[in-house]
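First residue of the sequence shown? That's 1 in UniProt numbering, and the numbers climb one at a time after it. Where a beta carbon is used, it is the ideal one built from N, C-alpha and C, also for glycine.
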Amino acid sequence: MFTVVKALNNNVVMAYDEKNVECIVVGKGIGFSKKSGDILNEKIEKVYYLQEKANVVKFSELLNNIRDDIIGISEELIAYAENMKGKKLNEHIHIALPDHIAFAIERIKGGIDIKNPFNQEISALYKDDYKIALRAIDLINDRLNIRLPEDEAGFIALHLHAAFENSGVSVTMKNTRLVSELVKNIEDMIGRKIETDSIDYLRLITHLKFAIDRIERGMPISNELLVPIKRKFKKAYKIATNVAKLIGNSLDKDVPEDEIGYLAIHIQRLINEE
């Protein structure tokens, strides 16, 4: 028996089980007209419990900062992805996917459409995940009245692949240590600590991991917004340039200006939080 805490949409609810443990419940129509305290009698398809304390804290933060319908549709997509591939996703996807979707919607509404320059490679490398991601884009656009471009499917596919493989997008321990060093240097340069349980920290380290992987593999990247980024976000771009030097020295690789521009966007978000 599950008792409703709140409905995120018609198909997803936050609930308490018989042991009074909070969980995420997915099923067709189970959230329709449901209010706090109602008992779920409908057919349940999936029940998710977050086991890691850090994930519980981050998910709670998401519930307070991201629209219910975005979290709800993310949970539907997680259930759909697991059904399609017949395997479990790492529970961190419950934080990473809604955060990414919310950030993508924020960009589109702000008139910023950051292209995915390696969308084609992702679709080839992670075909099943990409197909699921395309379905995700269609569902998001239909339900949330937004127009996410197909390029976003590549980003969603990366999140799914990492969660399915428990691989952190195949980031090695060496690169994880590098990310930690880079975050500390960014903190020094912006003059404040980035809370490790914050969404901003999650976004930053995720971007750094992807950036390092691209630089290591020599994946070309194009940033059509580079010129306005350099003009509008001068401080952030300067910090990003210093960070790029650290990455280049560590990997013995050149870091393209376009890559520095993307990093500057994330650093600008941190500066705006000051």
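So the alpha helix (DSSP H) residue i belongs to, where does it begin and stop?
{"i": "Lys245", "result": "Lys234 to Leu251"}
{"i": "Val57", "result": "Lys53 to Asn65"}
{"i": "Glu42", "result": "Counting along the chain, Glu42 falls outside any alpha helix (DSSP H), and DSSP gives it neither H nor E."}
{"i": "Lys88", "result": "Looking at the DSSP string, Lys88 is not in any alpha helix (DSSP H), and its letter there is neither H nor E."}
{"i": "Leu270", "result": "Glu257 to Asn272"}
In the DSSP assignment, find the beta strand (DSSP E) that holds residue i and state where it starts and stops.
{"i": "Glu106", "result": "Note, Glu106: premise wrong, no beta strand (DSSP E); alpha helix (DSSP H) at Ile93 to Lys109."}
{"i": "Tyr16", "result": "Val12 to Tyr16"}
{"i": "Leu148", "result": "Element bounds for Leu148: n/a, residue is neither H nor E."}
{"i": "Ile24", "result": "Glu22 to Val26"}
{"i": "Leu8", "result": "Thr3 to Asn9"}
Grab me the residues of residue i's own chain with a C-beta within less than 7 angstroms of its C-beta, minus the 5 sequence neighbours each way, in chain order.
{"i": "Asp200", "result": "Ile194, Arg269, Leu270 and Glu273"}
{"i": "Phe59", "result": "Leu50, His94 and Ile95"}
{"i": "Lys85", "result": "Asp128 and Phe164"}
Go through its chain and collect everything with a Cβ distance to residue i's Cβ below 6 angstroms, but skip five positions before and after it.
{"i": "Ser136", "result": "Correcting the residue identity first, residue 136 is Ala in this sequence and not Ser. The residues are Leu77 and Ile156."}
{"i": "Val171", "result": "Here the model assigns Val171 a pLDDT of 43, short of 50, so the residue's position is not dependable, and the following value carries that caveat. Excluding sequence neighbours, Val171 sits near Lys209."}
{"i": "Leu134", "result": "Ala153"}
{"i": "Val57", "result": "Asp197"}
{"i": "Ile105", "result": "Ile146"}
Assuming residue i and residue j make a contact with CB atoms under 8 angstroms, what is their CB distance in whole Å?
{"i": "Leu226", "j": "Gly261", "result": "4 angstroms"}
{"i": "Ala81", "j": "Leu160", "result": "6 angstroms"}
{"i": "Glu45", "j": "Ala79", "result": "6 angstroms"}
{"i": "His266", "j": "Leu202", "result": "About 11 angstroms separates the two Cβ atoms, so there is no contact after all."}
{"i": "Ile197", "j": "Pro149", "result": "Just to set this straight, residue 197 is Asp in the shown sequence, not Ile. Going by Cβ atoms, the distance from Asp197 to Pro149 rounds to 31 angstroms, so no, they are not a contact pair."}
{"i": "Asn166", "j": "Asn83", "result": "No, Asn166 and Asn83 are not in contact; Cβ-Cβ is about 19 angstroms, not under 8 angstroms."}
Between which residues of its own chain and residue i is the CB-CB distance below 8 angstroms, once the five residues before and five after are set aside?
{"i": "Asp99", "result": "Leu62, Ile66, Ile199, Leu202 and Arg203"}
{"i": "Ser36", "result": "Val4, Val5 and Lys6"}
Just checking, does the region 27–40 make contact with the region 7–14 on the three C-beta pairs under 8 angstroms criterion?
yes
Which ranges does the alpha helix (DSSP H) cover as unbroken runs of at least 4 residues, wholly within the region 166–230, from first to last along the chain?
173–190 and 199–217
At least 3 beta-carbon pairs within less than 8 angstroms: the region 80–98 vs the region 40–55
yes
Do three or more CB pairs link the region 12–29 to the region 66–83 at distances below 8 angstroms?
yes
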